[in-house]
Amino acid sequence: MYHSTALPVTAVRRHAHTGAAASCRARFRTALPMQTDELKLADENTFFMRIRLFFVLMACVLLVGAVQATTLEITVQDDDDGSAISGASIYIDGNYEGKTDSDGKYSYSHSFDEPFELEVRNGGYKDWSDWVDEDDTSVAVDLDLDTASVTILVYDADTLEPVDYARLKVTLAGSDETKTARTRTDGSATFELAKDAKYTIEISADDYVTDTREYEVDDDGVTLQHWLVHEGRIAVRVLSADDRAPVAGAEVFIDGNRAGVTGSNGILITHLDRKKQVQLRVEAERFRDLTVSRYINKDDLILDLALSLATYPVSLIAVDPAGVPVAGAAVFLDEERKGETDAYGRFSLQDVLQGTYEIRITKDGFVAWEEERVVDQPGQDIAAEMAWELATVSVLVQDQDREVIAGAQVSVNGDAFGITDAKGMISDSLPPADSYNFTASMEGYTTAWTAIGIAPGEEVRSVTITLEKELDMGLVWLAGLSAAGIIMVGAGIMVVRRKRPKRRKGF
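Numbering (the working numbering), first residue to last: 165 to 671.
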């Protein structure tokens, strides 16, 4: 029998054959002197002594042989179902001896004369140890599983949403031992698995590709994450037909239903039924819309769609504020000079890529015309009315002596232009024109005017208006009266002179 009661480790073990041999030698040494003495004393006792010695020696031989030939048959099995455990490691008194065979058995021969410690170890099971009596010939070892709690989480590979009611089958490597479970609504399922054991995990679900993975249990409380790929999973990759560059932000429609938008890599992951014809439509900014019909094969993983860049003709006409065409104006598209307007103020561009552009038109004498336009359809005409570039006009008002006149009112074409400052000056900006009439007026001066023209591109123009002083009417009347008095006095003298009589003689 084997005992579960532990014995002191320091106990000294004696081999049975060692003690038996020593006993035989002692008895033999005792018998020889007795034989010699008896032969000398009496021959009749010799026969009996030899027989006695023979039996003593035979007993010693049998005793030693019996001790050396003890064999212990060890059987290792699962405590749960009684199945044989192969490959279990056998240790005697802490020393490794070997492994169990396919039947979970191991034979151990020994010559111990006292109990010894037997230890059995196997991955996935708790270590087993006990004391075995020296005369035991068999022992059955039942190993308890050393388990760990393992939780498996299953997600959709595309949406990362939990996959509920997925089927999980966990099989112990090298055996038929299988455990099954279904994932909960959160996509999880928990198993108690043997530690240090290898398992094959098979995960399957409706409309998903079945997948397997290998796992070796090492720690308790482990959570494994796994995703399943949809059976109809396919990658729609949208590329530029011009340079094969990925097209980001492209909208993909399948059989009229919006499937999604491509990412920065130009790829949209979606699901399509296999062995079926589908209609695909792709829309992307700066590209022509694409509509194609494709047959989806069973093994198709990537569906490439190439988009052509969308181009449109663009025409424009440049005119001045009077509606007169502006010829020779430079046309720029996003700061790139494309050409000049013709004699009719027109300019055309062919194959302009769809998009938003900054259009600018320039010419000397005109303010640059700028506008942002979206080019996304054919037949776009742009009318650009270009404003004249203003010239700075300075008006100087002075008198006949070239003395500046401050406070004079100046008008242009009948509209107020301003009042001269202390220096007799007034300045403002005017667009080019063939003729401007400038008029200046000031109390005490006669109103005066002058006409000038401003040519396109002319930046500065000066105008001088000279005013004449008006006559003082009081002085005029006084002068008139004075003159009249003088005339009258003169006339009176002449009359008097005419009426004086002649002197008579004799007086």
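Where a beta carbon is used, it is the ideal one built from N, C-alpha and C, also for glycine. Being a predicted model, the structure only gives us computed values, none of them experimental.
- Counted as a single uninterrupted DSSP element, the beta strand (DSSP E) harbouring Met-589 occupies residues 589 to 594.
- Residue environment analysis places Val-538 among the exposed positions, since fewer than 16 neighbouring C-beta atoms fall within 10 angstroms of its C-beta.
- The beta carbon of Val-531 sits closer than 6 angstroms to the beta carbons of Ala-551, Glu-553 from its chain, once the five residues preceding and following it are set aside; these are given in chain order.
- Within the same chain, and ignoring the five residues on either side of Lys-263 in sequence, the residues whose Cβ sits closer than 6 angstroms to its Cβ are Gly-251, Ser-253.
- Note on Val-495: 16 or more other CB atoms within 10 angstroms of its CB, so buried under the neighbour-count rule.
- Cβ-Cβ distances below 6 angstroms link Ala-304 to Thr-239 in the same chain, with the five nearest sequence neighbours on each side left out; the list follows chain order.
- For the options Asn-461, His-435, Val-284, the alpha carbon positioned closest to that of Glu-261 is the one of Val-284.
- About 5 angstroms separates the Cβ atoms of Lys-290 and Asp-310, confirming a contact at the 8 angstroms cut-off.
- Per DSSP, the continuous beta strand (DSSP E) segment holding Pro-477 begins and ends at 475 to 483.
- Rounded to whole angstroms, Glu-504 and Ala-619 show a C-alpha spacing of 22 angstroms.
- CA-to-CA, the gap between Ile-569 and Ile-583 works out to about 10 angstroms.
- The C-beta of Gly-268 has 16 or more other C-beta atoms within 10 Å across all chains shown, which makes the residue buried.
- Per DSSP, reduced to three states, the secondary structure at Arg-348 is coil, with no helix or strand assignment.
- Rounded to the nearest whole angstrom, the CA to CA distance from Ser-428 to Ser-479 is 34 angstroms.
- At a cut-off of 3 residues, the continuous stretches assigned as beta strand (DSSP E) that sit fully inside the segment 303 to 338 are 311 to 320, 331 to 336.
- The Cβ-Cβ distance between Ala-405 and Ala-470 falls below 8 angstroms.
- In summary, Leu-332 is buried, with 16 or more beta-carbon neighbours lying within 10 Å of its beta-carbon over all protein chains present.
- Its chain contains Thr-603, Ala-604, Ser-605, Leu-631 as the residues whose beta carbon lies nearer than 8 angstroms to that of Thr-611, once the 5 sequence neighbours on both sides are disregarded; these appear in chain order.
- Looking at the backbone, the Cα of Leu-517 and that of Ile-525 are separated by about 20 angstroms.
- Listed as beta-bridge partners of Val-574 by DSSP are Gly-582, Ala-604.
- C-alpha of Glu-634 to C-alpha of Gly-571: approximately 17 angstroms in a straight line.
- A distance below 8 angstroms between beta-carbons, with the five flanking residues on each side excluded, links Thr-342 to the following residues of its chain, in chain order: Lys-333, Val-334, Thr-335, Leu-336.
- Secondary structure within the segment 524 to 580: the beta strand (DSSP E) runs of 3 or more consecutive residues, fully enclosed, are 533 to 539, 544 to 549, 555 to 563, 573 to 576 (chain order).
- The way I'd put it, the segment 362 to 380 does touch the segment 316 to 330; three or more beta-carbon pairs between them come closer than 8 angstroms.
- For Ile-433, the enclosing beta strand (DSSP E) stretches over residues 431 to 435.
- Closest option to Val-488, judged by alpha-carbon separation, among Val-442, Tyr-508, Ser-266: Tyr-508.
- With fewer than 16 other Cβ atoms from the protein chains shown falling within 10 Å of its own Cβ, Gly-246 counts as exposed.
- By the neighbour-count definition (other C-beta atoms within 10 Å, threshold 16), Trp-533 is a buried residue.
- Taking the Cβ atoms as the reference, Glu-449 lies roughly 7 angstroms from Gly-413, within the contact range of under 8 angstroms.
- Contact annotation: Val-416 and Val-446 have beta-carbon atoms nearer than 8 angstroms.
- Around the beta carbon of Tyr-363, 16 or more other beta carbons sit within 10 angstroms, so the residue counts as buried.
- For the set Gly-492, Glu-567, Thr-614, Pro-542, the Cα lying nearest the Cα of Val-576 is the one of Thr-614.
- In the structure shown, Arg-216 adopts helical secondary structure according to DSSP, grouped into three states.
- Residue pairing by DSSP places Ala-399 opposite Ile-433, Ile-466 in a beta bridge.
- Secondary structure of Lys-290 (DSSP, three-state): coil.
- Out of Phe-581, Ala-555, Leu-388, the CA that lies nearest to the CA of Val-561 is found in Phe-581.
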